[in-house]
Amino acid sequence: MPTAAQPTLQYEDAQIRVTRWDFEPGTATGHHFHAHDYVVVPVTDGLIRALTLDGSGTDSVLKAGQSYTRPAGGAHDVVNIGDAHLAFVELELKHTAPTAPPA
Numbered sequence: 002m003p004t005a006a007q008p009t010l011q012y013e014d015a016q017i018r019v020t021r022w023d024f025e026p027g028t029a030t031g032h033h034f035h036a037h038d039y040v041v042v043p044v045t046d047g048l049i050r051a052l053t054l055d056g057s058g059t060d061s062v063l064k065a066g067q068s069y070t071r072p073a074g075g076a077h078d079v080v081n082i083g084d085a086h087l088a089f090v091e092l093e094l095k096h097t098a099p100t101a102p103p104a
């Protein structure tokens, strides 16, 4: 089983980057920072945990087709804590002003 979630770049231009993320149970994105606002479109139902640098986490239930947005500036590692394959599409809105990572 892979230890890392698998990103697939689906489209990119000056305004937007569209990436599909596929997670087997227990896999993670790795710690990363969001420089732009973004939209997440779950493809499957699932359960994720977003871990911050200090190790604290927030669990979220994803429902296929129920999109949500997040502002730029977030830094986390996303882990599939469910027992099934999980997938979502992430749309990074590159036209929003980039935010610097936390110091």
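Take 2 as the starting number for the sequence shown in the numbering used here and just add one per residue.
Backbone N, C-alpha and C define an ideal beta-carbon position, used for all residues, glycine too.
Residue i, DSSP secondary structure in three states
i: G27; result: coil
i: T70; result: strand
i: H77; result: strand
i: V62; result: strand
i: H106; result: Within the shown structure, residues of the chain are numbered from 2 to 104, placing residue 106 beyond reach of any answer.
For residue i, the nearest candidate out of the options (CA to CA)
i: G56; options: H32, K64, Q67; result: H32
i: A105; options: G47, V41, G83, V80; result: Limits of the chain in this structure are 2 at one end and 104 at the other, which puts residue 105 out of reach.
i: T30; options: H37, R21, D38; result: R21
In DSSP terms, what residue i is bridged to
i: S57; result: S57 pairs with nothing; no bridge assigned.
i: Q7; result: D23
i: I82; result: Answer is none; I82 lacks a bridge partner.
i: P43; result: F89
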